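Chemist: Numbering (this note's numbering), first residue to last: 4 to 167. The structure follows.
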Ligand SMILES: [Zn+2]
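Here you go:
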C-alpha cells in the first residue's frame, strides 16, 4: 500500500495510484478530461504545463503487449483525439510522449506539449525530467495554475463536443 496525500490535505492508502484515479476514488484537480470504457485522461496539475495530459488504462496492466484488441483500438483513437484537441484548442504544435513499463503505478502515457521555454533543457528525451521539475518547482504560481485549469476546461469541452 502507498500513502497518497490529496490536494485537499487528506491522506488515502492505495495499492496503485493509477487504479485509484481511473476508478474515480481519487479525483484529479481539473477533473476527468475524457474517459472511455478502457481509458481515462486527466492532467496532473502538480506539473502545471498547459495541455499536459496523462492517459491511463483502467485495467491494472503494465505493458503495451497486455492490451487486448478492443483496448488497442480505443487507445489509438483516444490518443489521437486528445492530440487533435490539443492542437485545435490550445495550438500545440508538438507533443512529447513518455511511457515507462516499469512504473510503480500502471499503464499510463504522458502527453507533454512542447513549448519554447523548454528548449533550454534539451531537444529530446533528455529534456523531459528537467522540464517537468522546472514546471513543478518554478511555475506553480496562481496565474499559471489558472491558465492550466482553463486549458483543462477547454480540452474537456472540445472532447465532449467531439464525441457527440
Ligand atoms: Zn493499477
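Cβ coordinates follow ideal geometry from the N, Cα and C atoms, glycine included. Source: prediction; values computed, not measured.
Taking the beta strand (DSSP E) that residue 16 falls in, what are its first and last residues?
Modeler: Within the chain shown, numbered from 1, the residue matching residue 16 stands at position 13. It spans 14-17 - the beta strand (DSSP E) in which residue 16 sits, taken as one unbroken run.
Chemist: Taking only beta-carbon atoms, is residue 115 less than 9 Å away from chain C?
Modeler: Any reference to chain C falls outside this structure, which holds one protein chain only.
Chemist: Would you call the CB atoms of residue 50 and residue 160 closer than 9 Å?
Modeler: Sequence index remark: in the chain shown, residue 50 carries index 47 (1-based). Sequence index remark: in the chain shown, residue 160 carries index 157 (1-based). Result no, Cβ atoms of residue 50 and residue 160 do not sit closer than 9 Å.
Chemist: Can you tell me whether residue 67 is buried or exposed, with buried defined as 16 or more other CB within 10 angstroms of its CB?
Modeler: On the chain shown, residue 67 is found 64 positions in, with the first residue counted as 1. The residue in question, residue 67, is exposed, as its Cβ has fewer than 16 Cβ neighbours within 10 Å.
Chemist: Helix, strand or coil for residue 49 per DSSP?
Modeler: As a working note, residue 49 is residue 46 in the chain shown. In this structure, residue 49 counts as coil in the three-state DSSP scheme.
Chemist: For residue 4, is the classification buried or exposed, using 16 other Cβ atoms within 10 angstroms of its Cβ as the cut-off for buried?
Modeler: Reading the chain shown from its first residue, position 1 is the one you call residue 4. Residue 4 should be labelled exposed.
Chemist: Please report the Cβ distance between residue 155 and residue 12, rounded to the nearest whole angstrom; I am assuming they are in contact, meaning their Cβ atoms lie under 8 Å.
Modeler: For the purposes of this step, residue 155 is taken as residue 152 along the chain shown, with counting starting at 1. For the purposes of this step, residue 12 is taken as residue 9 along the chain shown, with counting starting at 1. Not confirmed; about 21 Å, so no contact.
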